[in-house]
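Going down the list, the sequences are from chains A and B.
Everything in the first sequence is counted per the numbering used here, starting at 977 for the first residue and increasing by one.
Everything in the second sequence is counted per the numbering used here, starting at 10 for the first residue and increasing by one.
Yeah, the Cβ is synthetic: ideal placement off N, Cα and C, and Gly gets one too.
First up is the structure itself, then whatever we jot down about it.
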Amino acid sequence: MSKIFTTPSGFAGSTLVQVLRHSLRLVILLGIIGTGLVAHYRVFVTKEKINVIRAEVNPTLARRTALAMDDFFHSGDDQRGIEQKHLSDIRGNTWSADIYGFSVTDPLAGAESVASSRHITRSLLIGLILPVIATLLLGRFFCSWICPAGFLFDIADHLRSLLQKLGMPTRQLHLWRGNKYVLLIVGLILSAIIGIPILGAFYPPAVLGREISHLSASFFSVLSDYPVVTGISFSGFFIIGIILVETFISPRLWCRYVCPGGGLYSLLGATRLVRVRNDLKQCTSCTECVQVCPMGLNPMKTESPGIECDQCMLCLNSCPPGSLTLDFGLPKLSKKNDD
Amino acid sequence: MIRRKFTRMLLRTIGVSIASLTGLGVFAGILKRKSSPNPVIGEPEIIRPPGALESEADFLSQCIRCARCRDACPTGAIQLGSFGDPAQLGTPYVLPFESGCNLSLACTTTCPTDALQLLTLTKDVNMGLAVVDERTCVSINGTGVCGACHTACPFKNEAITQGLRNAPTVHEDHCVGCGLCEEACIVDGIKAIRVFSGRELV
């Protein structure tokens, strides 16, 4: 095995890493909500200012508070011609984000856009650099470390185990794992044929980001004098539906069997450098890791779980003999190189 | 026993694949559908944000529906299409009677796929053309003296000039279709000055 570096046992598998993982996703989910609210809040305040100047509306206490808050949010910019960075300069969601002018785009979005428009633009290429390189190095880490929908599905997992403890019957439906690759390829081909990217319409992180943007825009629209609730689509119910199905019928249905984005990340991370490895000499075949794996993989049987491992590192913590380690190393070329 | 399990697995797999493919097909049909008429304007017209690709088919194929332009818009002019809207699901469009575009061009700088191409000059924007309805315009039909559209216009005396009783005249080569005139128009309901993009719907 061409292993270069093994993380010290106890760190990668520690609870601290799990806490970090969950809090990172929570911060991202709250960040999408927060930046959406701030962006549309600024729109609301700007319109209110214009309305007050036009004397169309009375500056009530709520409006006066809003205007005072606006001064607090960006004090000092515009007047001196110096642009200061503020929270509303973070735009978008995990589907595609603009963080102080730095563009990050989901590889699935890129693949779709390229498939349907049949050419790649410079901006898209720039946005794809970081996610693609990170996926080549770390594999399918997006699913367990960043995806805000995955965070919700994790909650569904916990809800499921809670229901099981309470004695509620839950079903264990298993499907074919290749479904996601079929969906990915068919979706890309369909996008190319009709000329419209369609996978993003039901890819949960994209749906979640769009819905949050819709809701934050509608929230401030309702507050204004001329409420126009546009843009509430019903794809949010789709995510709620998945959560219900995952709670009662099939654990992690979407991530394990259906998600086309997960399929693309798996394919991109096939030769990843950081991966969980199993020392078969130490392994006692206790099946603890199999039970704990949210992706339903089997790290016990082979030297390394397949391309669908999402690097959540839960199995490292569960392994009693400590035979599972997180290694940094080059992909294995042939079996004879094993030590 | 193994054979039975395998057959069950195979049937289930085929079932799920067929179901997902049908779902995808229906979805594609929904996305591909002809736009419905705008309930307010009454005509199937979509005004895209500044810098949008000229061909509607090109625009739809490049836009990844990420909502970045909407979050970037300082005036809230950009709406995103949802079910029942004239624009396709998740694509940005402008409803000038609600809020005109103040030509900050923030949306063109943030687009990740150049579906909204980067613009630096406000006069390069080409969202549409404002058209005055001479029957309802207060200044033209003689019921009053207004001039609100001229006041709102960012290209005053170039795109809109005033005549007798502040009657507006729109000049095609200077109007960028920002829709601030339509937002400012004092006529209730359907405004007397309206922006038309003339985009061919796909």
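When 8 Å is used as the limit between beta carbons, Arg-77 (chain B) is near these residues of chain A: Arg-1067, Gly-1068, Ser-1072, Ala-1073 and Asp-1074, in chain order.
For Val-204 (chain B), the enclosing beta strand (DSSP E) has its first and last residue at 202-205. Annotated three-state conformation of Gly-1068 (chain A) is strand, per DSSP.
Separation of Gly-1245 (chain A) and Leu-1113 (chain A) (C-alpha to C-alpha, rounded to the nearest whole angstrom) is 7 Å.
Between Arg-1001 (chain A) and Phe-1127 (chain A), the gap from beta carbon to beta carbon is short of 7 Å. Residue-level contact by beta carbon fails for Pro-1124 (chain A) and chain B, as no gap is shorter than 7 Å.
In the DSSP assignment, Gln-88 (chain B) falls within the beta strand (DSSP E) that extends over 87-89. Within chain A, no residue has its CB atom less than 7 Å from the CB of Pro-101 (chain B), the nearest being about 10 Å off. Within chain B, the residues Ser-70 have their CB atoms less than 7 Å from the CB of Ser-1092 (chain A), given in chain order. Per the DSSP secondary-structure output, Leu-125 (chain B) pairs in a beta bridge with B:Ala-61. Judged by DSSP secondary structure, Tyr-1076 (chain A) falls outside any beta strand (DSSP E); it is assigned neither H nor E. Rounded to whole angstroms, the gap between the alpha carbons of Gln-88 (chain B) and Ala-161 (chain B) is 21 Å. Taking 8 Å as the upper bound on Cβ-Cβ separation, chain B lies near residues Gly-1176, Ala-1177, Phe-1178, Ala-1182, Gly-1185, Arg-1186, Ser-1189 and His-1190 of the segment 1175-1192 of chain A.
A residue is called buried when at least 16 other Cβ atoms come within 10 angstroms of its Cβ; Phe-981 (chain A) does not meet this threshold and is exposed. Excluding its 5 nearest sequence neighbours in each direction, Phe-1117 (chain A) has C-beta neighbours in its own chain below 6 Å: Gln-1287, listed in chain order. With respect to chain B, the C-beta atom of Ser-1079 (chain A) has a partner C-beta closer than 7 Å. Nearest C-alpha to Thr-1260 (chain A) among A:Leu-1273, A:Lys-1277 and A:Gln-1267: A:Lys-1277. In summary, Ala-1193 (chain A) is buried, with 16 or more beta-carbon neighbours lying within 10 Å of its beta-carbon over all protein chains present. Inside the segment 116-178 of chain B, DSSP marks whole beta strand (DSSP E) runs of 3 or more residues at positions 138-141 and 169-171, from first to last along the chain. The contact set of Arg-1018 (chain A) on chain B, defined by CB atoms closer than 8 Å, consists of Pro-83 in chain order. At a cut-off of 7 Å, the C-beta of Arg-74 (chain B) has a neighbouring C-beta in chain A. Per DSSP, the continuous beta strand (DSSP E) segment holding Phe-1304 (chain A) begins and ends at 1300-1305. A straight line joining the alpha-carbon of His-1134 (chain A) with that of Cys-190 (chain B) spans about 54 Å. Interface flag for Ala-139 (chain B) against chain A is unset, since no Cβ pair is found closer than 7 Å. A straight-line Cα-Cα distance of about 30 Å links Met-18 (chain B) and Leu-1142 (chain A). Shortest Cα-Cα distance from Pro-121 (chain B) to any of B:Glu-54, B:Gly-153, B:Phe-68 and B:Leu-173 involves B:Phe-68. Phe-987 (chain A) sits in coil when the DSSP states are folded into three classes, being neither helix nor strand. At a cut-off of 7 Å between beta carbons, Pro-121 (chain B) contacts chain A. The C-alpha of Val-134 (chain B) is placed about 6 Å away from the C-alpha of Val-185 (chain B).
For Asn-1293 (chain A), the uninterrupted alpha helix (DSSP H) run begins and ends at 1290-1294, by DSSP. Taking one beta carbon from each stretch, the segment 1013-1028 of chain A and the segment 1077-1091 of chain A have fewer than 3 pairs nearer than 8 Å; the two do not touch. Following the DSSP letters along the chain, one finds Arg-1186 (chain A) inside the alpha helix (DSSP H) bounded by residues 1180-1199.
Within chain B, the residues placing a beta-carbon under 7 Å from that of Thr-1022 (chain A) are Pro-83 and Thr-84, ordered along the chain. In terms of beta-carbon proximity, Ala-157 (chain B) stays away from the interface with chain A, with every pair separated by 7 Å or more.
The beta carbon of Val-1003 (chain A) sits closer than 7 Å to none of the beta carbons in its chain outside the five residues before and after it. For Glu-1279 (chain A), the CB contacts under 7 Å within the same chain, skipping 5 residues up- and downstream, are Arg-1253, Asn-1254 and Leu-1256 in chain order.
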